[in-house]
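Residue numbers for the sequence shown follow this note's numbering, beginning at 1 and rising by one. For every residue, glycine included, the Cβ atom is placed at its ideal position computed from N, Cα and C. Since the structure is predicted, the reported quantities are computational estimates derived from the model, not experimental observations.
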Amino acid sequence: MNIHPTAIIDPSAVIHPTVSIGAYSIVGKNTTIGEDTMLKSHVIVGDNTTIGKRNTIFQFASIGEIPQDLKFKGETTYLEVGDDNTIRESCTFHRGTADGGNLTKIGNNNLFMVNTHIAHDCMVGDYNVLANNVGVAGHAHIGNFIIVGGQTGVHQFCRIDDYAMIGGASLILKDVCAFTTVSGNPSTVHGLNKEGMRRKGWSKETIETLDRAYDVVFRSGKIKADVIAELSTWVADEPKVALFIESLQNSKRGLIR
């Protein structure tokens, strides 16, 4: 175990022998850090935080502090961080609250650029990129394979579903449908994230089918129940259409249009 002599580690913390902890870092109570994770200098890991394997956390990040919620009264809540995440300088991830299920959870293989904030009770999936100064308010849900441009703010309780692309300096006040590109303040939808699909090697046929599904969702003028019924008949031929259906079914705030 490579722990700098100036680091302060609570005796209750469980640290894998392969972990590296840099100068002036602090690790709190009842915290677990998995194998090959690296904390650069001046990293704070708060109480009741679990960090998985092969994460790299850069200087001045604060991971697992108490939530910025006036209803929080010191109850025991948690932060879980998965594997293979890169958390850059000055990021802040907060623990959950009792109202939100006591848990903030981060998945795997994410890149959080400088000064990203993940608030209490957020759920973040896998393979996402959140650029500099993104702020995600409490109880938000971010899916998988999503890019969020720098300076973007995400309102509390919003959903951003899989494969979406958020332009820089955007304000997200409603839910973002899977596969879509949105931007602006307040944000509007600008079509499918086709370039992201091409980069993932999706076939021309798949992209064309999703483009037609987008038209049904955003341009047909049909009510939600009819859109879901129509797209449900497409899923057997193109399973990815199911993500459109899930966005419609799971949205509580309405989709950005």
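| Asked | Found |
| --- | --- |
| Completely contained alpha helix (DSSP H) runs for the stretch 117 to 201, where each covers 4 or more residues | 194 to 199 |
| Contact under 8 Å by Cβ, D94 with Q68 | Here residue 94 is His; the residue named in the question, Asp, does not match the sequence. Result yes, Cβ atoms of H94 and Q68 sit closer than 8 Å. |
| N- and C-terminal bounds of the beta strand (DSSP E) containing Y78 | 78 to 81 |
| At least three beta-carbon pairs within less than 8 Å, the stretch 141 to 155 to the stretch 96 to 105 | no |
| Nearest-angstrom beta carbon gap, D175 and L255 [assumed within contact, 8 Å] | 5 Å |
| Counterpart residues of E65 in DSSP-defined beta bridges | H94 |
| Span of the alpha helix (DSSP H), counted from its first residue to its last, around T233 | From DSSP, T233 is part of no alpha helix (DSSP H); its letter is neither H nor E. |
| Buried or exposed by the 16-neighbour rule on C-beta atoms within 10 Å, applied to T188 | exposed |
| Cutoff 8 Å: G96 Cβ touching any chain B Cβ | This model lacks chain B altogether; it includes just one protein chain. |
| DSSP bridge partner residues for M38 (one or two, in chain order) | S20, T56 |
| CB of M113 within 8 Å of CB of A131, strictly | yes |
| Inter-residue spacing [alpha-carbon to alpha-carbon] between N185 and Y24 | 40 Å |
| Buried versus exposed, by CB contacts within 10 Å (16 or more), H117 | buried |
| C-alpha distance - K73 paired with G96, whole-angstrom precision | 12 Å |
| F72, DSSP secondary structure in three states | coil |
| Contact check, L243 vs I228, beta carbons under 8 Å | no |
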